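Chains as they are written, first to last, in full-length UniProt numbering: chain Z, 1 to 344; chain X, 1 to 344. In this text, a Cβ means the ideal position worked out from N, Cα and C, and glycines have one as well. As the structure is a computational prediction, the values presented were derived from the model and not from experiment.
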């Protein structure tokens with residue numbers, strides 16, 4: 001799966017250069033015009049595929065279709081959406097990219113299982129051209145609903161096992177976790193604990209797998225379970241100190257849990273990073289920078305992932321519309337990077 | 001304008017009793033059936049009007065119409081919607097009431113003036129049966145857009161002067177402010193300052209009017225301007241202390257500004273409430289209860305106002321649908337109440 005950085009939208013010029021044809025020829029092929037030799041047309045299509053080029057009319061198709069609107073569906077209750085800065089960042093990237101395409105964002109969410117039928121009816125009613133869906137828990141009904149409504153969709157985050165083969169945008173959760181743990185190993189830490197996220201979320205599972213990739217023989221007592229909230233991180237930290245008072249590092253599966261862990265370490269008089277080094281995941285800036293000490297963490301480009309979801313949906317829609325395939329919409333895994341602050 | 005408490009939805013039985021007819025007769029009139037004497041039918045319609053009865057089929061009309069969806073449009077950028085607990089509470093009440101009507105909530109917001117055309121196209125496209133709109137600033141384009149799109153709409157908060165005659169739900173901003181100021185007067189305070197909200201928002205204007213209703217001869221130097229944010233409240237408080245160091249009370253036009261004022265009073269060593277009594281407005285519980293000291297404030301039922309907006313829209317839709325008027329949809333002004341805590 002290709003790794004793309006956000007904002008680097010390939011141009012038609014780049015496609016022409018890659019295919020070794022003029023811009024006019026590339027344009028004719030991309031816009032479905034006739035009069036281009038098959039061999040040249042194939043080269044252009046190859047270049048489109050390789051570069052992930054999104055033709056303008058595909059972008060415009062978002063608004064020339066029936067509704068000009070795209071649903072953003074979050075399988076979380078309203079109180080979480082409005083209180084977790086994670087969602088705000090995702091929605092911000094999506095909102096900007098849809099606005100750039102003159103497409104209307106309509107936000108829907110799921111308070112409970114009773115909402116799925118109604119949402120499916122709305123989606124099936126032609127009121128949106130496509131959907132961007134966040135299905136964070138393995139047992140939520142969103143992927144099934146999407147399948148039923150037959151509306152072109154891109155997922156944010158890899159959906160659980162029950163999901164259909166729908167393209168998604170995710171960050172490299174497993175690779176990012178490996179980077180975090182290798183950083184702690186590089187600091188000379190020998191008893192590295194893990195505070196894991198909820199077992200029903202693919203991001204948490206992948207981050208725990210990354211921890212085990214590096215520390216495949218770690219004592220199971222060095223892993224404690226959290227649920228991505230700050231309080232759960234504090235509880236997990238207390239458990240870990242009980243079980244393994246000799247631990248010298250912690251990799252928490254997100255920043256909020258890391259903040260909870262830091263709080264408990266401070267209360268117990270453990271110096272960070274001297275005695276216990278701590279690394280988080282996400283780089284929620286409001287959390288990581290204000291942590292005491294400030295939090296070393298694995299950064300994912302949440303806003304950029306939102307923008308990429310729109311670009312991917314644009315490609316799905318351009319295929320659906322007229323049968324001209326401009327490149328199979330593959331899922332996109334965004335790279336992560338370690339952001340060093342004071343805690344490790 | 002009738003004051004209604006949320007949740008007290010009048011029944012058909014109540015309509016029949018008020019009209020002095022049988023339930024069957026009331027039902028025939030409400031459901032448009034024939035065979036009821038004109039004089040009785042008029043009595044039933046009067047009772048419907050007086051009680052604000054919403055017939056079931058009107059509630060159902062939300063879903064039997066074309067889309068089954070209602071747009072909630074907030075004329076604020078996404079970062080404010082996701083960070084101000086006020087919007088979360090409003091959306092919560094609306095979400096619950098729409099769910100009870102099996103109608104789909106779709107949330108739209110306005111990042112900038114460039115968004116209005118697109119939103120108007122979406123609304124005019126028949127993708128929603130109605131809209132609930134929050135237009136907080138006199139100069140935003142939402143009321144004009146609503147007029148253009150011709151979609152049945154109820155406003156949250158009284159729209160500014162430029163708005164069409166659209167029904168709205170608001171709280172009694174002016175009366176609530178009077179209650180707050182009278183409370184301070186009752187405590188024996190004689191130099192009561194006001195921290196006003198933005199001059200382009202009707203709620204802020206009405207609250208300042210309420211302050212002046214009670215203290216019509218107050219020194220203008222006792223009023224300072226804020227913008228509903230905590231920092232602006234702190235700045236206004238510092239200004240007021242500069243101008244009138246002898247002040248002994250402050251009525252802030254919202255809780256966030258009151259929290260900023262409390263911070264400055266604490267920094268300057270002014271004891272609250274002994275030396276300076278402080279009253280806010282809104283009763284944002286997360287703000288008012290955690291303030292030091294906890295904040296006496298004017299409570300408005302934000303969630304209940306959201307629910308009422310849905311009920312009002314239901315009535316507008318039931319009129320639009322078939323020409324049978326079940327009562328002109330009047331705007332609703334909800335009462336406020338003073339919540340006493342430690343600050344005054």
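Listed by chain order, chain Z residues near residue i by CB distance under 8 Å
i: residue 104/X; result: 108, 118, 119, 121 and 122
Contact check, residue i vs residue j, beta carbons under 8 Å
i: residue 259/X; j: residue 233/X; result: yes
i: residue 178/X; j: residue 226/X; result: no
i: residue 104/X; j: residue 302/X; result: no
i: residue 153/X; j: residue 130/X; result: yes
i: residue 250/Z; j: residue 278/Z; result: yes
i: residue 35/X; j: residue 28/X; result: yes
i: residue 133/Z; j: residue 156/Z; result: yes
i: residue 284/Z; j: residue 85/Z; result: yes
i: residue 98/X; j: residue 310/X; result: yes
i: residue 88/X; j: residue 82/Z; result: yes
i: residue 296/Z; j: residue 253/Z; result: no
i: residue 257/Z; j: residue 171/Z; result: no
i: residue 169/X; j: residue 334/X; result: yes
i: residue 127/Z; j: residue 22/X; result: no
i: residue 222/X; j: residue 270/X; result: no
i: residue 108/Z; j: residue 110/X; result: no
i: residue 218/Z; j: residue 281/Z; result: no
i: residue 15/Z; j: residue 47/Z; result: yes
i: residue 246/Z; j: residue 275/Z; result: no
i: residue 214/Z; j: residue 237/Z; result: no
i: residue 116/Z; j: residue 136/Z; result: no
i: residue 173/X; j: residue 206/X; result: yes
i: residue 340/X; j: residue 288/X; result: no
i: residue 96/X; j: residue 307/X; result: yes
i: residue 12/Z; j: residue 25/Z; result: no
DSSP three-state assignment for residue i, whether helix, strand or coil
i: residue 120/Z; result: helix
i: residue 62/X; result: Because the pLDDT at residue 62/X is just 47, under 50, the model does not fix this residue reliably, and the point stays unresolved.
i: residue 309/Z; result: helix
i: residue 42/Z; result: helix
i: residue 12/Z; result: helix
i: residue 36/X; result: coil
i: residue 340/X; result: coil
i: residue 299/Z; result: strand
i: residue 75/Z; result: coil
i: residue 30/X; result: helix
i: residue 198/Z; result: coil
i: residue 21/X; result: coil
i: residue 70/Z; result: strand
i: residue 325/Z; result: Because the pLDDT at residue 325/Z is just 45, under 50, the model does not fix this residue reliably, and the point stays unresolved.
i: residue 318/X; result: helix
i: residue 137/X; result: coil
i: residue 304/X; result: helix
i: residue 187/Z; result: coil
i: residue 176/X; result: helix
i: residue 151/X; result: coil
Interface residues of chain X facing residue i [CB-CB closer than 9 Å]
i: residue 79/Z; result: 88 and 92
i: residue 99/Z; result: 111, 112, 114, 115 and 118
i: residue 290/Z; result: By Cβ distance, chain X contributes nothing, its closest Cβ being about 15 Å from residue 290/Z, past 9 Å.
i: residue 318/Z; result: Neighbours of residue 318/Z on chain X: none; closest Cβ ~20 Å, over 9 Å.
Paired residues, beta bridge with residue i - DSSP
i: residue 170/X; result: 333/X
i: residue 291/Z; result: For residue 291/Z, which the question treats as bridged, DSSP gives no partner whatsoever.
i: residue 156/Z; result: 169/Z
i: residue 193/X; result: 250/X
Chain X residues whose Cβ lies nearer than 8 Å to that of residue i
i: residue 229/Z; result: Within chain X, no residue comes near residue 229/Z; the closest Cβ sits about 17 Å away, beyond 8 Å.
Cross-chain neighbours of residue i in chain Z, by beta carbon under 7 Å
i: residue 127/X; result: 67, 69 and 127
i: residue 331/X; result: What residue 331/X touches in chain Z: nothing, since even the nearest Cβ is about 26 Å away.
i: residue 357/X; result: Any property of residue 357/X remains undetermined from this structure, which presents chain X solely from 1 to 344.
Closer than 9 Å at the beta carbon, the chain Z residues around residue i
i: residue 155/X; result: Within 9 Å Cβ-Cβ: nothing; residue 155/X doesn't reach chain Z, min ~20 Å.
Segments assigned beta strand (DSSP E), at least 3 residues, entirely inside the region 202-282 of chain Z = 223-225, 249-252 and 277-282
query = Residue ranges of each beta strand (DSSP E) run of no fewer than 3 residues wholly in the region 81-133 of chain X, ordered along the chain?
reply = 104-109
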